[in-house]
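Heads up, the thing below is written out as structure tokens.
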Amino acid sequence: MIKQLALGSILGGIVLFLWSFIAWTLIPWPGEPLRAFTNDDAVVAAIKANAPRSGNYLLPMEVKRTPGMTDAQYQKATQDATNRMSQGPTIFAAIRLEPMGSMGKYLVVGFLTSLILALLASALLLQTSHLSYTGRVVFVTVIGVIIFVGGHVDEWNWWSFSNSYIAMQLGVIVIGWLLTSFVIAAFVRGKSYVAAP
Numbered sequence: 001m002i003k004q005l006a007l008g009s010i011l012g013g014i015v016l017f018l019w020s021f022i023a024w025t026l027i028p029w030p031g032e033p034l035r036a037f038t039n040d041d042a043v044v045a046a047i048k049a050n051a052p053r054s055g056n057y058l059l060p061m062e063v064k065r066t067p068g069m070t071d072a073q074y075q076k077a078t079q080d081a082t083n084r085m086s087q088g089p090t091i092f093a094a095i096r097l098e099p100m101g102s103m104g105k106y107l108v109v110g111f112l113t114s115l116i117l118a119l120l121a122s123a124l125l126l127q128t129s130h131l132s133y134t135g136r137v138v139f140v141t142v143i144g145v146i147i148f149v150g151g152h153v154d155e156w157n158w159w160s161f162s163n164s165y166i167a168m169q170l171g172v173i174v175i176g177w178l179l180t181s182f183v184i185a186a187f188v189r190g191k192s193y194v195a196a197p
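Everything in the sequence shown is counted per the numbering used here, starting at 1 for the first residue and increasing by one.
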């Protein structure tokens, strides 16, 4: 069982990482998953002037009651935020003010993440029994579907992530897990298994 787990984790992690790299760098996904600003310099200047440090920013920001704020002030601030939200624009952004630096560390973290995910998927599959190869492929692929739904549908619902961006994420994640499932299912057979018909 340890051999099954090791092979499934390592080989599955490699496949998942390679697909992610290909999906993000080589595949021309339809629509406009990521769009460019009309004036990058103006946007950069506005960010530097109004975002004092790196982090996640929300516009309009949720109103928080501060010490000394009266009921009337709080109600007015809440109403102003509601009006701005209804009128738009709304923004949910991750801002990094510092240079990104070398891509090497990001690739290492990405690869380790893929290995950990493949390890967890292999460990879950190892607890099953009496699944054919096809059944094991479906089991692992469903994990990818769960990751996509849990991680990205809320982005579309609450933060207006575009349909094309969500469709791209669907392709990146679910196709990646489908490909990974072929490898993991070949080595991780669970407590007992039946041969594919």
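Using N, Cα and C, we set each Cβ at its ideal position, and we do this for glycine too.
Are the C-beta atoms of residue i and some chain B residue less than 8 Å apart?
i	result
ILE2	Considering every chain present, this structure includes no chain B. It has just one protein chain.
For residue i, does the three-state DSSP call read helix, strand or coil?
i	result
PHE161	coil
ASN56	strand
ALA94	strand
LEU26	coil
LEU131	strand
MET103	coil
VAL183	helix
Distance check for residue j and residue i, CA to CA, integer angstroms please.
i	j	result
GLU98	ASN56	14 Å
VAL188	LEU124	10 Å
ILE146	LEU58	27 Å
ASP154	ASN163	12 Å
ALA196	ALA186	Because ALA196 sits at a pLDDT of 46, beneath the cut-off of 50, its placement in the model cannot be relied upon, and the point is left open.
GLY198	GLY144	Coverage of the chain is limited to positions 1 through 197, which leaves residue 198 absent and any answer about it impossible.
PRO28	LEU16	19 Å
Might you give, ordered along the chain, the residues of its own chain that have their beta carbon closer than 6 Å to the beta carbon of residue i, omitting 5 neighbours on each side?
i	result
ALA167	none
THR128	GLY190
With a CB to CB cut of under 7 Å and the five nearest residues on each side skipped, what residues in its chain are close to residue i?
i	result
MET85	PRO60
> With contact counted as at least three CB pairs below 8 Å, one residue from each stretch, are the stretch 121 to 138 and the stretch 157 to 166 in contact?
Replying inline: no
> Between the stretch 110 to 123 and the stretch 172 to 190, do three or more beta carbon pairs fall short of 8 Å?
Replying inline: yes
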